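**Q** Heads up: the sequence shown is residues 1 to 388, going by the UniProt record's numbering.
Following this message is one structure expressed as structure tokens.
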Amino acid sequence: MLRQNETSLTSDYTLSILNAFLINGSYANQYSYFHPIPELALPDADIMLFALSDSGLEFLEPTEDLWYAASRPSGYKILQSDLSGSTELYLRDDIVTFLGCTSRQQWCNPTFNGSDQCQPLQGRIASTMEPFPAQHEKQRKIHYWLTTMTENLTPSMSNVISTLGVSALTARFRLGGSLQGPIPDNQWQLEVQHWFSTSMAALQDAFVAGAAGAPSVELRPYFEPPANLQERGICHNQKVHSAGYMNFSIFGIAIIFSVGGLIIIASYAIEPLVAWLQKRRRTVSYSRLEWCTNETIQLQRLANEEIGLGKWDCVDESIPVARRDDFLAVLDLVDPKHPRLQAPPASYEDVARAKLQEREVDENKTFREETRDTDETTTLESQAARTV
């Protein structure tokens, strides 16, 4: 709980950067944020200083990394996860630590040979001001377009830090609350590699962005379209994988569908074709008849015939056909653990029809008996009359 007049502070790192750009052999220019001392100054490179500090972070383990160095006991301990003991927490050795990097780049012309192929290594801004080793005007125009794209669309390593801020630190992946998990002793090298890889990925994207142009109408005034044949050629000669499409082999797909289709057709056609040929040649094949008889519907037909149900056609084929209005067997569940087949019970119509037929038979029988009695009575009366 927070008491009145208290504030909550989230523990985290703070990352800042200072740049010194070398132009015409001097760091004293409008682009530099500081003037390096002679011990830091170099005659052919830009200088970047990365300042790292934190707001109350504690380390679970001491680290000898030169930038994250933490070996001072904080005086606090934390219980281990298995409650078997406690772990000492550590603080960083210095409030602020600095990491210095130099940056050099050069443009090269692969059509040249020897030492004349590339510019000398120098700072980012200085390399754009250095004459490019071009054989003719077309190469100069190509170099100008490439320089424009890389300088305006590609962030340098310092720009990556300026944009991402503390999120550029990979050590934060092991940060939980105010506790910093274990980090290796070369963490500063891993950080720089991560920044450089990010910058190189942005360099690759710059050529795609330059060819695609402004992503929206609002940004068109800030994009310079290609102005000559060489610049348009660079844009039109790029092949970039699109996330909206996928390349695949038409020949491979055709082979898969063709072979698969033939297999499916053969599986359905072989059996009826062989049966037709055997019937046409009037040959009786025990194996074919056994194969047909063991089909599920044929087994059902055999079970129904055993109890005298159904009149079947096509019994020598895979699917026998019962005649219209035939009744098939139902389950006898007198013993649920041993179900059997039995004839279906008679329907109401059949029972009524049977009773009606039985009644008609009885009536006919009664009528015949009455007729016989009448005939016998008439005969006796006739005989009595003759006697008199």
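Cβ atoms here follow ideal geometry from the backbone N, Cα and C, with glycine treated the same way.
What you are looking at is a predicted structure, and each value in this text was computed from that prediction instead of being measured.
Please state the DSSP three-state secondary structure of residue 84.
**A** Coil.
**Q** In whole angstroms, what is the alpha-carbon distance linking residue 99 and residue 39?
**A** Roughly 15 Å separates the two Cα atoms.
**Q** What distance in whole Å lies between the Cβ atoms of residue 158 and residue 17, which are believed to be in contact at a cut-off of 8 Å?
**A** The Cβ separation is near 5 Å, so the contact holds.
**Q** Helix, strand or coil for residue 77? Go by DSSP, reduced to three states.
**A** Three-state DSSP puts residue 77 in a strand.
**Q** What residue from 123, 95, 58 has the CA that sits closest to residue 31's CA?
**A** Of the listed residues, the one whose Cα sits closest to residue 31 is 123.
**Q** Between residue 170 and residue 151, how many whole angstroms is the CB-CB distance? I'm expecting something under 8 Å.
**A** Not confirmed; about 27 Å, so no contact.
**Q** Suppose contacts are defined by Cβ-Cβ distances below 8 Å. Is residue 182 in contact with residue 60 by that definition?
**A** Yes, the pair counts as a contact, with Cβ atoms nearer than the cut-off.
**Q** Helix, strand or coil, according to DSSP, for residue 58 in the structure here?
**A** Of the three classes helix, strand and coil, the one that applies to residue 58 here is strand, per DSSP.
**Q** Could you round the C-beta distance between residue 97 and residue 52 to whole angstroms and report it? I think they count as a contact, below 8 Å.
**A** Indeed they touch by this definition, with Cβ atoms about 5 Å apart.
**Q** Out of curiosity, what's the CA-to-CA distance linking residue 8 and residue 76?
**A** Low confidence applies to residue 8: its pLDDT is 43, below 50, so where it sits in the model is not reliable, and the reading given next is rough at best. Distance between the alpha carbons of residue 8 and residue 76 is about 20 Å.
**Q** Pull up the distance between the alpha-carbon of residue 1 and that of residue 245, whole angstroms please.
**A** Per-residue confidence for residue 1 stands at a pLDDT of 33, beneath the threshold of 50, marking its modelled position as unreliable; no derived number is given.
**Q** Provide the residue span of the alpha helix (DSSP H) that contains residue 212, from first to last.
**A** From DSSP, the alpha helix (DSSP H) with residue 212 extends over 187–212.
**Q** Who does residue 176 pair with in a DSSP beta bridge?
**A** Bridge partners of residue 176: 179.
**Q** Could you tell me the boundaries of the beta strand (DSSP E) in which residue 37 lies?
**A** Element bounds for residue 37: n/a, residue is neither H nor E.
**Q** What residues in its chain sit with their C-beta under 7 Å from that of residue 148, if we drop five residues either side in the sequence?
**A** If we look at residue 148 and ignore the five residues flanking it on each side, its Cβ neighbours are 224.
**Q** Would you call the stretch 253–267 in contact with the stretch 231–244, where contact means no fewer than 3 C-beta pairs closer than 8 Å?
**A** Cβ pair count under 8 Å is below three, so no.
**Q** Assign residue 107 to one of three DSSP states: helix, strand, or coil.
**A** In this structure, residue 107 counts as coil in the three-state DSSP scheme.
**Q** Along the chain, where does the beta strand (DSSP E) that runs through residue 330 open and close?
**A** First-last of the beta strand (DSSP E) with residue 330: 330–332.
**Q** For residue 229, does the three-state DSSP call read helix, strand or coil?
**A** Three-state DSSP puts residue 229 in a helix.
**Q** Starting from the C-beta of residue 222, find all residues in its chain whose C-beta is less than 8 Å away, skip the five residues before and the five after it, and write them out in chain order.
**A** Cβ neighbours of residue 222 beyond the five flanking positions: 214.
**Q** Run through DSSP, which three-state label would residue 318 get?
**A** Coil at residue 318, not helix or strand.
**Q** Tell me the DSSP secondary structure of residue 127 in three-state form.
**A** Correct three-state label for residue 127: helix.
**Q** Would you kindly work out how many angstroms separate the C-alpha atoms of residue 345 and residue 291, rounded to a whole number?
**A** In a straight line, the C-alpha of residue 345 is about 33 Å away from that of residue 291.
**Q** Starting from residue 146 and walking both ways along the alpha helix (DSSP H), at which residues does that stretch end?
**A** Taken as a continuous stretch (DSSP letters only), the alpha helix (DSSP H) holding residue 146 covers 137–153.
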